[in-house]
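Chains as they are written, first to last, in this note's numbering: chain V, 1 to 345; chain G, 346 to 535. C-beta atoms are modelled at their ideal positions from N, C-alpha and C, and glycine is treated no differently. Worksheet: the structure to be examined is printed underneath.
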Amino acid sequence: MQRAEELNLIPWRRATRRSVTSAGARMLVLALAAWASISALLAIWLPLQVSVITVFLFAGPHNWFELRYFLLRLPVRFGRSRAFFLTAFAGIAFLTLTYISLPLIYNFNLWPGADWSIPIAIWNTLMLVWLGVLVWLRGKLKPRSDWLWGIPVAFLLVAINWFVPELFSLGIVYAHPLIALWFFDRHLKRARPEWLPAYRRCLCLLPILIVGICWKLAPTSPLADDNGLFWRITQHAGAQLLPNVSSHLLVSVHLFLEMLHYAVWLVALPLIGARGRFWDVKTVPLARHPRGFPRLVMAMLILGLFLAGLLWFGFSVDYTTTRDVYFTVAIAHVLAEAPFLMRML
Amino acid sequence: MMQKLFAAFFFVAMLAIPIFGDIARPNSSPKPAKFVTYSGLEIVPDAKGNEARLEIPQQLWKEMQAGVTDLPANPNLAQRIAQSSPRTVIAGLFLFMSVSLTGVWVARSGQKNQKIAAALLLAAAVVGAATIITRANAGPPGYIRWQNLPQALSEGRSTQGGVSIVIVPEGNNIKLIVPLHKSGKNPGEE
Chain V
1 MQRAEELNLI PWRRATRRSV TSAGARMLVL ALAAWASISA LLAIWLPLQV SVITVFLFAG
61 PHNWFELRYF LLRLPVRFGR SRAFFLTAFA GIAFLTLTYI SLPLIYNFNL WPGADWSIPI
121 AIWNTLMLVW LGVLVWLRGK LKPRSDWLWG IPVAFLLVAI NWFVPELFSL GIVYAHPLIA
181 LWFFDRHLKR ARPEWLPAYR RCLCLLPILI VGICWKLAPT SPLADDNGLF WRITQHAGAQ
241 LLPNVSSHLL VSVHLFLEML HYAVWLVALP LIGARGRFWD VKTVPLARHP RGFPRLVMAM
301 LILGLFLAGL LWFGFSVDYT TTRDVYFTVA IAHVLAEAPF LMRML
Chain G
346 MMQKLFAAFF FVAMLAIPIF GDIARPNSSP KPAKFVTYSG LEIVPDAKGN EARLEIPQQL
406 WKEMQAGVTD LPANPNLAQR IAQSSPRTVI AGLFLFMSVS LTGVWVARSG QKNQKIAAAL
466 LLAAAVVGAA TIITRANAGP PGYIRWQNLP QALSEGRSTQ GGVSIVIVPE GNNIKLIVPL
526 HKSGKNPGEE
């Protein structure tokens with residue numbers, strides 16, 4: 001009799017769960033739409049000033065949260081994925097070091113000839129070949145799926161890179177913030193699959209807002225980049241490479257994407273994936289597992305906190321130089337996103 | 346008879362030398378103008394100023410100097426590709442490898458992937474053809490931005506658009522030629 005009563009309750013429970021789910025999805029859509037709209041307005045209104053403040057406040061902390069997220073997703077034992085992870089870590093280390101050496105080679109005039117696009121093209125090629133190898137290795141771990149398409153795509157991108165190396169590098173600058181949205185998509189699929197359709201519909205707002213920013217700012221005058229810092233911000237957004245596009249437009253679009261990127265890493269992913277307090281090392285499986293490495297995880301997270309604090313100190317003392325150093329060294333986190341994203345596909 | 350004919354031929358040939366009879370008329374057109382660089386131009390009406398002022402950014406000035414001395418300054422995309430043959434060769438090599446490996450992948454993969462690849466190829470062909478037909482990659486013509494110049498000047502607003510900087514061999518004044526077409530008509534239609 002009691003079972004019969006429970007049977008009657010099942011549709012009611014399902015309906016309740018569905019209503020809770022739809023309420024959560026609605027909240028997610030509202031929050032994302034509100035943040036995207038606010039970001040777009042701020043990026044249009046005060047692009048340089050907001051860019052300075054945003055990087056100052058969020059650059060370091062978002063790297064710490066990324067580090068923590070990657071540690072969460074790292075298996076205790078690599079097992080069959082050993083080749084994949086070794087290639088990933090070796091590539092991150094090698095490509096980061098070579099990327100940091102590029103400005104040094106430039107400053108000490110160590111490259112023969114004046115064509116600086118060639119070292120850039122070589123570095124981009126190495127990165128794409130590394131990504132191609134990672135795709136291939138990941139494909140080997142998933143025998144049912146065909147990942148071999150990654151190789152011709154990587155070669156196609158290498159070809160495009162050799163045609164326009166500087167523009168290709170600029171493309172990475174603009175594409176990188178979007179990767180966070182992909183991470184969030186994958187994470188939702190695992191943690192809250194019922195929210196995924198609402199999130200994907202919400203993503204349609206992104207091109208609309210970008211087109212809106214372009215429409216609004218295309219006829220505007222270039223930003224007054226008369227000091228070293230503002231000049232660096234406009235250069236980072238591609239003002240020199242795209243002289244016929246208003247630097248106001250470029251900086252605003254880039255800032256808009258960066259603000260979304262920071263919001264995903266600092267707020268959305270920690271909230272959705274929250275399993276306990278984020279500062280608790282035991283929430284990281286790599287530290288919690290009996291055969292794990294709690295001290296190593298703790299040391300890495302403390303070192304990350306120290307570096308974030310050091311970054312704040314550097315920004316306070318000499319913002320311009322610290323910004324240059326940060327965006328050079330930060331290539332490591334850009335590269336690290338690739339293998340962890342592939343692991344989630 | 347042959348001697349007279351030869352003498353007459355010789356006489357005509359000798360005349361041809363002083364009057365340059367076998368040389369085409371020299372081209373009376375002046376030396377061609379030289380394209381230096383492309384930049385943005387903003388025309389700003391100033392109600393308080395006494396003299397017109399031409400402000401040139403330092404970077405643009407360097408580009409103009411480089412353009413005059415034939416140094417590569419900030420070439421456009423096509424020029425960049427054309428001027429760097431090693432890069433073009435390497436890009437072509439990777440493009441070839443990409444296309445070849447795509448073929449291998451399609452051949453090795455199942456029928457579903459072949460259908461996807463065929464659909465992608467067809468879509469690329471359609472988009473490419475549409476691009477060529479509509480000249481969609483040409484971008485809007487430069488004169489569009491100058492259409493509202495007279496109205497903007499009368500209202501005291503600034504106007505911004507692209508400008509080709511050309512060094513001309515003659516003249517003493519800086520001349521700004523602004524394309525103003527009748528609205529709704531392309532240059533070819535007038």
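Proximity test, Cβ basis, 8 Å: residue i and chain G
i	result
V/PRO75	no
V/ILE151	yes
V/TRP162	yes
V/ASP226	no
V/PRO112	no
V/LEU137	no
V/ALA338	no
V/ILE118	yes
V/ALA159	yes
V/PRO285	no
V/MET1	Its pLDDT being 47, under 50, V/MET1 is placed unreliably by the model, and nothing is read from it.
V/PRO219	yes
V/PRO143	no
V/PRO363	Absent from the model: residue 363 of chain V. The displayed extent of chain V is 1 to 345, so no value can be given.
V/PHE168	no
C-beta neighbour in chain V for residue i, strict 8 Å
i	result
G/TRP406	no
G/ARG432	yes
G/GLN505	yes
G/MET409	no
G/ILE388	no
G/SER499	no
G/TRP450	yes
G/ALA474	no
G/ALA463	no
G/SER509	no
Alpha-carbon spacing of residue i relative to residue j, whole angstroms
i	j	result
V/ARG186	V/GLN235	33 Å
V/PHE163	V/HIS289	49 Å
V/MET298	V/SER37	37 Å
V/LYS338	G/PRO524	In the sequence under discussion, the amino acid at residue 338 of chain V is Ala, which differs from the Lys named in the question. Answer to the nearest angstrom: the Cα atoms are 49 Å apart.
V/PHE376	V/LEU341	With chain V represented from 1 up to 345, any question about residue 376 of chain V goes unanswered, as that position is not in the structure.
G/ALA436	V/LEU271	44 Å
G/ARG453	V/TRP147	12 Å
V/ILE208	V/ASN124	30 Å
V/LEU196	G/ILE522	56 Å
V/PHE378	G/VAL511	Lying before the first or after the last residue shown, residue 378 of chain V is absent from chain V, which here runs from 1 to 345.
G/GLU500	G/VAL508	22 Å
V/VAL267	V/ARG343	22 Å
V/GLU194	V/MET27	13 Å
G/SER503	V/VAL334	41 Å
V/LEU205	V/SER39	13 Å
V/ALA31	V/LEU41	15 Å
Residue i (DSSP reduced to helix, strand or coil)
i	result
G/PHE380	strand
G/GLU387	strand
G/VAL472	helix
G/SER454	coil
V/ILE172	helix
G/SER503	coil
V/VAL281	helix
G/VAL511	strand
V/ASP146	coil
G/ILE401	coil
V/TRP162	helix
V/PRO112	coil
G/GLU408	helix
G/LYS520	coil
V/HIS333	helix
V/ASN124	helix
V/MET342	helix
G/GLY448	helix
G/GLU534	Caution applies to G/GLU534, whose pLDDT of 45 falls short of 50 and renders its modelled position unreliable; the value that the coordinates give is listed next. G/GLU534 falls in the helix class under three-state DSSP.
Cβ separation of residue i and residue j, assumed to be a contact under 8 Å, to the nearest whole Å
i	j	result
V/TRP111	V/ILE120	Wrong, their Cβ atoms sit about 10 Å apart, outside the cutoff.
V/THR25	V/ALA308	The sequence shown places Ala at residue 25 of chain V, not Thr. Going by Cβ atoms, the distance from V/ALA25 to V/ALA308 rounds to 32 Å, so no, they are not a contact pair.
V/LEU53	V/ALA336	A quick correction: the sequence has Ile, not Leu, at residue 53 of chain V. The pair is not a contact, with the Cβ atoms about 26 Å apart (cut-off 8 Å).
V/GLY150	V/VAL173	Going by Cβ atoms, the distance from V/GLY150 to V/VAL173 rounds to 22 Å, so no, they are not a contact pair.
G/THR382	G/MET409	6 Å
V/ASN161	V/PHE155	No, V/ASN161 and V/PHE155 are not in contact; Cβ-Cβ is about 10 Å, not under 8 Å.
Can you list, in chain order, the stretches of the alpha helix (DSSP H) that have 4 or more residues and sit fully within the region 31-87 of chain V? 47-73
If you scan the region 180-261 of chain V from start to end, which runs of the alpha helix (DSSP H) of 4 or more residues do you find wholly inside it? 196-203, 205-217 and 228-236
Threshold first: 4 residues or longer. Then list the alpha helix (DSSP H) segments lying entirely within the region 297-330 of chain V, N to C. 319-329
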